[in-house]
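Residue numbers (the numbering used here), protein chains in the order written: chain S, 1 to 136; chain U, 1001 to 1530. For each residue, glycine too, the CB sits at the ideal point set by N, CA and C. All figures in this text were calculated on a predicted structure; none of them were measured in a lab.
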Amino acid sequence: MNKALNILLIEDDKIEIMKFNRVISKIETKHSVKEVNNGEEALEYLENNSLPDIILLDLNMPKMSGIEFLTNLKQHDTYKYIPTIILSTSDNPKDMMECYRIGIAGYMVKPLKYEDYVTSINTLIAYWSTNQLIKK
Amino acid sequence: MSQKEIDILKRALNREKLARKQAEQILEDKSKELYSLAEELRESNEKLEELVSESSSELKGVFQNLVDAYILIDLNWNVIKMNTSASNLVGEENNSEAINAFEFIHVDEQKNAKKAFNTLLEKGSVSNFITRVRPNDKDIDLVSINVSLIYNKNNQPIGAQAIIRDITLETRYNNNLEAQKQKYTNVIANMNLGLIEVDLEDRIVMINSSFEKMSGYSEEEIIGKKGKELLVPEEQHEFFDKKVEKRVDGISESYEVQVLDKKGRKKNWLISGAPNYDNSGKLVGSIGIHLDITELKKLEKQKEILLAQLETSNNELQEYAHIVSHDLKSPLRNIHALLSWIKEEEEGNLKENSLTHIDLIENSLEKMETLITDILNYSSVTSDGKDDQLVDINSLIEELHKIIIVPENVKIIFLTELPNLRGNRVRFQQVFQNLIGNSIHYMDKEQGLIKVGVEEIPGFYKFSISDNGIGIEEKNFEKVFKIFQSLTERKGSSGIGLTIVKKIIDHYQGEIWLESEYGVGTTFYFTIRK
C-alpha cells in the first residue's frame, strides 16, 4: 500500500511549483508538499520542522545553488539520510557527475511536454511511496 | 906457406863455409818467412778489396734506392750524378746526366736559389731550403733541399751534393689541416652557440665570443674562473655538481639550467655537455655547448598561460551555453504546462480553431526546444581529448537503433567491417546519428537502402553513407553544411545536424563531402584521421 509522503520541494520557479502541486493533487494518496524557494530557506526549514521523507531539488536557483545546498545537506549528520532527488532542467554531464559524487537518490530532467512531466512525476512519487523510509 | 899457415887458412875457410851455410840457411828461412808474410798480406788485401767493393756496391744500392732524390753537381750546377728518385723528379727525357740543376728551380724561386747557393759557398752547407720546382710530375711542387759542399785534397770546393725531399703532400696536408682547423675555429667563434671548455676542476680554459655575449663576461674576465661559482646561482649548485660528475664518468647529455649573467639577469640555458679527452685518451675536463633559451622559455610560459586562459574561457563558454540553453528551456516548459491546463480546464469550451492554434503553439515550442538542444550540442564540440577512448564503430551503430527509429521499409547494411576509432564516443555517435538519421528522414522510396562502408586511405579512414532517398540538388551541396540551412520544413529539424557533423569531422582533422543525384540518392563521405 502506498504511504503518504512528506515532500520538501526546493524550487524557485512559480509555475514549476504549480505544475508539481497540480500533479500531486491528482494522486489518490494524499502526499503533503512543502515548498521553499532556495537552499537557504530549505536549511532553515529543516532546522525548525520535522524532517521530510524525500527532498526534490532544482539545481538552478538564486542565492545558494542546488549543488551548494546538496553539499551542505550531505555533510549534516542527520540530513544526509534524506533521499534527495534532483529535478533539473539540465542534463549537463558535469552537473550530473557532481551530484552523483556528492550523493543523490535520483536525477530527473524535466521534460518539455506537460504530459511527459505528469508521467515522470507520477512514476517518481509512486516509487518513493512504496519505499521503506526512516521516520523521525 | 907453412903447414901452420895452411891449417889456419883451412880452418878459416871451413869456418867461412860453415858461416856461409848458416847464413844461407838463415836467408832461406827469412825469405820463406817473407814469402808467407807477403802471401798473407796479399790475401788480406784481397779481402779488404772485396770488403771495400762490397760496401761500395752496398752504398751504390743505397744511393740509387734512396727515397729522397740525391744529386751531385759541380759548382756551376751541372749534374754529375743523380739517383733514381732524382731522375724521376726531373723526368725520363732528362735522364742524361748532362743537365743543369738550376733549370729545374721554379722561375719565381731562382733568385732565392742563387742566394742560397752563395750561402752554401760561404758556410759549406744549407739545410731545409724550401723551394718550388718545375718537376716532371705535376703532383710535386714543393721540395726541401739539404745541400753540402764537396772539397778536393787541397780543401778547395769542387762540387755539392744535395738531398731533395718532396714535401708537397706533407705541405698540402698540413695546409689542409690548417684550413680545416681555421674553418672550425671560425665556426666555433662565430656560431650562435656559446662554447666553453673547462678543466677537471671546472676552471674555464676556453670560451668563444658567443659565450662572451651570452654571459656578459669577457674572455679575460672568465678564463681560469670556476664556471659554477661565476654563473650558477647557489640553489642550483647541487644539480650542477651532479652533471659534472656525469662528465667524469664519460657521459654526455643535455640539460637546462638557470644561470645569472654578469648583470645578474636570470637566463635559461640549454647545455649540451661532453667529456673532453686529450690525445692519449685521458679525461682533461669537459666541453659544453650553450644555447640561450630564455626567450623561448618566456614564450613557453606565455603559451601555458594563454592555454590555461583559453581552457578557462572555453569551459566558461560551455557552462554559459548550458545555463543559457536551460534558462531558455524553462519558459518553454512553463508555456507548455499552462497551455495544457487551459486545454484541460476549458475542455469543450474551446473552438476548433483555438484548439488548432494551441496545437501550433505546442509544435513551435517543440521546435524551439530542439533548436536549443542542437545549439548546445554544437557549442559543445570542443573536446579537449580528456574523454578520448577507442570506440568500436560497429557497436556504436548497433546502439544507434535505440536512438533512431528505423522504419520497416528501410534497411541499413554494412559493406565492410567498421574500424575502431580513437576519440569521443558521443561525438562519433552524433556523426552517424545525424547522417543515418538524415538518410532515413529523406527516404522517399518504398524499399529504402542505407549502405555504410569504409575504406582505408593513407593516414585516414574514409567512411561512406549512401542512400536511395530523394537526393540533393547540386546547387545545395555546400549549403547543407551551413548552420540553420534545413532544405525542407521538417518536424524536429533545426538545420544544425550537418553543421554539427562537419564541426566534429573538422575537429578530427577530416573532411566531409557528398555526391548526390536528385531523385536517386545521396552518398556522404567523410574522413577521420587514424
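Determine the chain S residues that contact U:HIS1336 at a beta-carbon separation under 8 Å, and present them in chain order.
Against the second sequence, residue 1336 of chain U aligns to sequence position 336. Among the residues of chain S, those whose CB is under 8 Å from the CB of U:HIS1336 are LEU112, LYS113 and TYR114, following chain order.
U:HIS1322: contacting residues in chain S (beta-carbon distance under 7 Å):
Looking up residue 1322 of chain U in the second sequence gives position 322. SER90 and ASN92, listed in chain order.
Using Cβ-Cβ distances below 8 Å, what residues of the region 1326-1354 of chain U are close to chain S?
Cβ contacts with chain S: HIS1326, ASP1327, LYS1329, SER1330, LEU1332, ARG1333, ASN1334, HIS1336, ALA1337, LEU1338, LEU1339, SER1340 and TRP1341.
Span of the beta strand (DSSP E) holding S:THR89?
Locating residue 89 of chain S in the first sequence gives position 89, where the first residue counts as 1. Careful: S:THR89 lies outside any beta strand (DSSP E) and carries neither H nor E.
Is the CB of U:LEU1365 under 8 Å away from at least one CB in chain S?
The sequence position of residue 1365 of chain U within the second sequence is 365, counting from 1. It does; some Cβ of chain S falls within 8 Å.
Chain U residues whose Cβ lies nearer than 7 Å to that of S:TYR107
Taking the first sequence and counting its residues from 1, the one referred to as residue 107 of chain S is at position 107. What S:TYR107 touches in chain U: nothing, since even the nearest Cβ is about 14 Å away.
The region 34-46 of chain S contacting the region 8-19 of chain S, beta-carbon criterion three pairs below 8 Å:
The region 34-46 of chain S vs the region 8-19 of chain S: in contact.
Answer yes or no: does any C-beta atom of chain S fall closer than 8 Å to that of U:GLU1311?
Taking the first residue of the second sequence as position 1, residue 1311 of chain U is located at position 311. By this cut-off, U:GLU1311 is not an interface position.
Compute the beta-carbon to beta-carbon distance between U:GLN1433 and U:ILE1470, rounded to the nearest angstrom, for a pair I have assumed lies under 8 Å.
In the second sequence, counting from the first residue as 1, residue 1433 of chain U sits at position 433. In the second sequence, counting from the first residue as 1, residue 1470 of chain U sits at position 470. So it is not a contact: roughly 20 Å between Cβ atoms.
Would you call the CB atoms of U:LEU1339 and U:ILE1305 closer than 8 Å?
Stepping through the second sequence from its first residue, residue 1339 of chain U is reached at position 339. Stepping through the second sequence from its first residue, residue 1305 of chain U is reached at position 305. Going by C-beta atoms, U:LEU1339 is not nearer than 8 Å to U:ILE1305.
S:TYR81 burial status per 10 Å Cβ neighbour count (16 or more: buried)
Residue mapping note: residue 81 of chain S aligns to position 81 of the first sequence, counting from 1. Label assigned to S:TYR81: exposed.
With DSSP as the reference, label U:LEU1291 as helix, strand or coil.
Reading the second sequence from its first residue, position 291 is the one you call residue 1291 of chain U. Looking at U:LEU1291 - three-state DSSP - the assignment turns out to be strand.
Which same chain residues end up closer than 7 Å to U:ASN1276 when comparing Cβ atoms and leaving out the 5 residues on each side of it in sequence?
As a working mapping, residue 1276 of chain U is identified with position 276 in the second sequence. Here the set comprises GLU1197, VAL1284, GLY1285, SER1286 and ILE1287.
If we ignore side chains and look at the alpha-carbon of each, how far apart do S:CYS99 and S:HIS76 end up?
Position 99 of the first sequence, counting from 1, holds the residue named residue 99 of chain S. Position 76 of the first sequence, counting from 1, holds the residue named residue 76 of chain S. Rounded to whole angstroms, S:CYS99 to S:HIS76 spans 16 Å at the Cα level.
Simplified DSSP state of U:ILE1105, which is helix, strand or coil:
Working through the second sequence from its first residue, we reach residue 1105 of chain U at position 105. Note: U:ILE1105 maps to strand in three-state DSSP.
How big is the Cα-Cα spacing for U:ILE1204 and U:ASN1186?
Counting from one through the second sequence, the residue named residue 1204 of chain U turns up at place 204. Counting from one through the second sequence, the residue named residue 1186 of chain U turns up at place 186. Straight-line Cα distance between these residues: approximately 20 Å.
Which residue comes first and which comes last in the beta strand (DSSP E) that contains U:MET1206?
Working through the second sequence from its first residue, we reach residue 1206 of chain U at position 206. Start and end: 1204-1207.
At a CB-CB cut-off below 9 Å, which residues of chain S make contact with U:THR1369?
Residue 1369 of chain U sits at position 369 when you count from the first residue of the second sequence. At residue 1369 of chain U the sequence reads Glu, which differs from the Thr that was named. Near U:GLU1369 (Cβ distances below 9 Å), the residues of chain S are LEU112.
Between the Cα of U:ASP1278 and the Cα atoms of U:ALA1038, U:PRO1233, U:ASP1199 and U:LEU1296, which residue gives the shortest distance?
For this step, residue 1278 of chain U is matched to residue 278 along the second sequence. Comparing Cα-Cα distances from U:ASP1278 to each of U:ALA1038, U:PRO1233, U:ASP1199 and U:LEU1296, the minimum goes to U:ASP1199.
Can you name the residues that DSSP bridges to U:ILE1335?
Start at 1 with the first residue of the second sequence, and residue 1335 of chain U comes out as number 335. According to DSSP, which records beta bridges pairwise, U:ILE1335 is partnered with nothing at all.
With distance defined between alpha-carbon atoms, name the residue in U:PHE1526, U:ALA1012, U:GLY1124 and U:TYR1508 nearest to U:GLU1515.
Counting from one through the second sequence, the residue named residue 1515 of chain U turns up at place 515. Of the listed residues, the one whose Cα sits closest to U:GLU1515 is U:PHE1526.
What does DSSP give as the partner residue(s) for U:ARG1132 in the beta ladder?
Position 132 of the second sequence holds residue 1132 of chain U. Beta-bridge analysis with DSSP links U:ARG1132 to U:LEU1142.
Considering U:ALA1069, what are the terminal residues of the beta strand (DSSP E) in which it resides?
Residue 1069 of chain U sits at position 69 when you count from the first residue of the second sequence. Note, U:ALA1069: beta strand (DSSP E), 1069-1074.
Tell me, please, whether the CB atom of S:LYS26 is closer than 8 Å to any CB atom in chain U?
Counting from one through the first sequence, the residue named residue 26 of chain S turns up at place 26. Against chain U, the CB of S:LYS26 has no partner CB under 8 Å away; the residue lies outside that interface.
Under 9 Å between beta-carbons, which chain U residues line up against S:ASP53? List them in chain order, please.
The residue you call residue 53 of chain S lines up with position 53 of the first sequence. The premise fails here: S:ASP53 is roughly 25 Å from chain U at the closest Cβ pair, so nothing lies under 9 Å.
Could you name the residues of the same chain whose beta carbon sits closer than 7 Å to that of U:GLY1423, not counting the 5 residues immediately before and after it, in chain order?
Stepping through the second sequence from its first residue, residue 1423 of chain U is reached at position 423. Only ASP1388, VAL1391 and TYR1508 meet the Cβ criterion.
Counting Cβ pairs, one atom from each stretch, are 3 or more of them under 8 Å apart for the region 1229-1241 of chain U and the region 1316-1327 of chain U?
No, the region 1229-1241 of chain U is not in contact with the region 1316-1327 of chain U.
Sort U:GLN1182, U:GLU1352, U:VAL1133 and U:SER1313 by Cα distance to U:ARG1165 and report the nearest one.
On the second sequence, residue 1165 of chain U is found 165 positions in, with the first residue counted as 1. Nearest Cα to U:ARG1165 within the set U:GLN1182, U:GLU1352, U:VAL1133 and U:SER1313: U:VAL1133.
Looking at the unbroken alpha helix (DSSP H) that takes in S:GLY66, where does it start and where does it end?
As a position in the first sequence, residue 66 of chain S is number 66, starting the count at 1. Note, S:GLY66: alpha helix (DSSP H), 66-75.
Chain-ordered chain U contacts of S:ASP13 [CB-CB under 8 Å]
On the first sequence, residue 13 of chain S is found 13 positions in, with the first residue counted as 1. Scanning chain U for C-beta atoms nearer than 8 Å to the C-beta of S:ASP13 yields SER1330 and ASN1334, reported in chain order.
For S:ASN49 and S:LYS34, I'd like the C-alpha separation in whole angstroms.
As a position in the first sequence, residue 49 of chain S is number 49, starting the count at 1. As a position in the first sequence, residue 34 of chain S is number 34, starting the count at 1. One C-alpha to the other measures close to 11 Å.
Within the same chain, show all residues whose beta-carbon is closer than 6 Å to that of U:MET1443, passing over the 5 residues directly before and after it, in chain order.
Position 443 of the second sequence holds residue 1443 of chain U. These residues qualify, in order along the chain: VAL1410 and GLY1469.
Go to S:TRP128, then tell me how far its beta strand (DSSP E) extends in each direction, as first and last residue.
Locating residue 128 of chain S in the first sequence gives position 128, where the first residue counts as 1. The continuous stretches of beta strand (DSSP E) do not include S:TRP128, which lies in the alpha helix (DSSP H) extending over residues 114-129.
Contact set for U:ILE1188: own chain, Cβ-Cβ below 8 Å, skip 5 residues either direction
Along the second sequence, one-based indexing puts residue 1188 of chain U at 188. Within the same chain, and ignoring the five residues on either side of U:ILE1188 in sequence, the residues whose Cβ sits closer than 8 Å to its Cβ are LEU1195 and ASN1208.
Along the chain, where does the beta strand (DSSP E) that runs through U:VAL1454 open and close?
Translated into positions along the second sequence, residue 1454 of chain U becomes position 454. Run containing U:VAL1454: 1448-1457, per the beta strand (DSSP E) assignment.
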